[in-house]
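Okay, so here's the structure we're looking at.
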Amino acid sequence: KARSANYLDEEKGGAWCPLALFVLHSRGAPQATNLLFNGMANIDPEMGRYLPQLERAVGALKNAEQPSERNWKILSGYFKPFPEGAQPPLKSELWLIRHLESALAGWLDQHLSITPLPKAKANTEAGAESKPGETASPAAPAAAESAAAGSAAADSTDSQASASPVKKATYHYLEPCVEIYKNIESDAQMLMGRLSASGYLSEEHKTRLNDFIRLTQRLRVISERELESAPLSQVDFGLLAGIDLVLERVVAPLASSLNISGGPSARENAAAARESSAPLAPPSSSSAARRGVNLILGRPGQVLMIFQTNQGAILGRGAVYTYYEQSGGPIKTEHLARKLNFGMLRPPAWTSDFDLVQETITKR
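Residue numbering for the sequence shown follows this note's numbering, starting at 133 and increasing by one per position.
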């Protein structure tokens with residue numbers, strides 16, 4: 133918030149200020165720290181004043197066991213290195229950078245997924261009002277998206293699957309992040325225990341949550357076999373190939389933006405003055421106060437990859453997040469859609485080398 137008042141995009145002449153990397157660094161992501169260290173000469177010098185405060189704020193959240201920390205406990209699985217015997221591409225710098233983008237986008241999606249319920253519509257035949265639709269649920273990273281999709285698969289019927297306009301994939305890739313699935317399972321178990329103890333878990337939802345837990349266990353086993361270069365069963369192939377068919381029934385991450393603006397408040401400035409000999413300065417002008425930065429969650433993307441099998445090379449695909457940062461005030465939904473449609477948003481500089489992601493437009 134303190135830096136947002138003077139934030140300027142790189143292509144507009146601004147200094148390198150990768151906000152996502154600073155957040156990830158404060159969360160203990162080694163790869164984010166490495167990227168910041170390598171670009172030290174180009175980093176905005178003002179961040180030297182703000183970063184210690186960010187680290188202290190994050191430390192206080194961890195010690196206080198805030199509810200928001202549940203999300204980071206899951207996403208922290210992206211910071212764990214793959215085992216020594218894993219396939220070389222999974223341990224490459226490009227793939228590790230993709231993990232950073234997924235982790236940050238998953239955190240951002242947590243803030244953007246709480247949307248208002250649509251208004252109830254009158255049921256003219258029954259003379260009663262229909263129930264409001266469900267809100268968008270917080271989505272975890274690309275690996276967790278597959279988990280959520282698979283949980284819906286367990287509850288879907290053949291007629292619903294056949295009615296879906298999404299074409300079935302021959303080979304759908306599941307990133308073998310074993311730690312992610314362990315964290316999702318642990319979180320789901322904890323949630324079930326708390327809801328049951330408080331009397332807020334119905335039998336129907338308990339059954340669905342149990343199905344979801346079993347699914348995460350199954351995805352974890354699939355991931356372990358992948359890392360061991362062991363073949364998957366036909367049933368596992370069918371699960372991964374059919375995930376696209378149920379995405380229509382899962383609330384996927386929606387393109388949206390989180391605007392941060394205003395600079396430090398008088399109270400924050402006073403606190404900074406007590407902690408540092410170089411207090412934070414307020415915005416220099418009213419125009420600076422109105423300026424801010426948008427952390428943008430783009431449309432779901434897909435990464436294409438070639439697998440070598442005993443039947444030859446096979447082209448597979450997997451789901452990924454897309455993420456952008458842009459200066460300015462809040463962006464309206466229709467304006468964001470226009471920017472995405474016409475390619476007016478550029479990915480952060482630290483992700484530009486990973487050019488295998490193709491943005492896709494979801495038809496609803």
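All C-beta atoms in this analysis are idealised placements derived from N, C-alpha and C, irrespective of residue type, glycine included.
N138 to T454 span [Cα, whole Å]: Distance from the CA atom of N138 to the CA atom of T454, rounded to whole angstroms, is 25 Å.
Could you tell me whether the stretch 140 to 148 touches the stretch 170 to 179, where touching means 3 or more Cβ pairs closer than 8 Å? Yes: the two stretches touch, three or more of their Cβ pairs being nearer than 8 Å.
Could you pull the DSSP bridge partners for S388 from this structure? Beta-bridge pairing links S388 to L429.
Residue from L222, H231, N426 whose Cα sits closest to the Cα of V452: Measuring from the Cα of V452, the nearest candidate turns out to be H231.
For I438, does the three-state DSSP call read helix, strand or coil? Three-state result, I438: strand.
Could you check how far apart the C-beta atoms of P308 and S355 are, in whole angstroms? I think they sit under 8 Å. At roughly 4 Å, the Cβ-Cβ gap stays under 8 Å, so P308 and S355 are in contact.
First through last residue of the alpha helix (DSSP H) which encompasses S328: Looking at the DSSP string, the run of the alpha helix (DSSP H) that includes S328 is 310 to 330.
With DSSP run on the structure shown, which of helix, strand or coil describes I175? Note: I175 maps to strand in three-state DSSP.
Mind checking whether G424 and N473 have CB atoms under 7 Å apart? Judged by their CB atoms, G424 and N473 are not nearer to each other than the 7 Å cut-off.
Could you compute how far the alpha carbon of L240 sits from the alpha carbon of L429? When rounded, the distance between both Cα atoms is 7 Å.
By the 10 Å Cβ neighbour count, where 16 or more other Cβ atoms means buried, how is A445 classified, buried or exposed? By the neighbour-count rule (16 or more Cβ atoms within 10 Å), A445 is not buried but exposed.
If we ignore side chains and look at the alpha-carbon of each, how far apart do N426 and S158 end up? For the pair N426 and S158, the Cα-to-Cα distance works out to about 20 Å.
Three-state class that DSSP yields for A147 in the structure shown: Looking at A147 - three-state DSSP - the assignment turns out to be coil, as it is neither helix nor strand.
Going by DSSP, which residues form a beta bridge with G424? S393, per the DSSP bridge assignment.
From E360, A329, Q321, residue whose alpha carbon lies closest to that of F344: Nearest to F344 by C-alpha distance, out of E360, A329, Q321, is Q321.
Excluding the 5 residues preceding and the 5 following L153 in the sequence, name in chain order all residues of the same chain whose CB lies nearer than 7 Å to its CB. Setting aside the 5 residues that flank it on each side, L153 is surrounded in the same chain by A164, L167, L168, W482, each with a C-beta closer than 7 Å to its C-beta; the list follows chain order.
Three-way DSSP call (helix, strand, coil) for Q458 in this model: Three-state result, Q458: strand.
Excluding the five sequence neighbours on either side, which residues of its own chain have a C-beta within less than 7 Å of the C-beta of L156, listed in chain order? Around L156: A164, L232, A235, L236.
Helix or strand or just coil, what does DSSP make of I463? Coil, per DSSP.
Let me know the secondary structure DSSP gives L364 once reduced to three states. In the structure shown, L364 falls within a coil segment according to DSSP collapsed to helix, strand and coil.
Under 7 Å between the Cβ atoms of I316 and T348? Remark: C-beta atoms of I316 and T348 approach each other more closely than 7 Å.
Close Cβ partners of E201 (< 7 Å) along its chain, the five nearest in sequence each way excluded: L193, K194, listed in sequence order.
Among L306, L186, E142, E143, which one has its Cα closest to the Cα of L222? Each of L306, L186, E142, E143 was checked against the Cα of L222, and the nearest Cα belongs to L306.
In whole angstroms, what separates the C-alpha of M476 from that of S136? For M476 and S136, the distance between alpha carbons rounds to 21 Å.
Measure how close the beta-carbons of F439 and G448 come, nearest whole angstrom, since I'm counting them as under 8 Å. That pair is a contact at about 6 Å.
Through-space distance from P363 to Q490, alpha-carbon basis: Residue confidence is low: Q490 scores 48 on pLDDT, short of 50, so the model does not pin down where it sits. Its coordinate-derived value is still stated next. Between the C-alpha atoms of Q490 and P363 there is a straight-line separation of about 28 Å.
Given a threshold of 16 other Cβ atoms within 10 Å of its Cβ, counted over all protein chains shown, does S294 qualify as buried or as exposed? Note that S294 scores a pLDDT of 41, beneath 50, so its modelled location is shaky; the value from the coordinates is reported in the next line. For S294, the number of other beta carbons within 10 angstroms of its own is below 16, and it is reported as exposed.
Thinking just about the alpha-carbon of each residue, which of G325, R352, S330, V353 is nearest to the one in L341? Closest option to L341, Cα to Cα, is G325.
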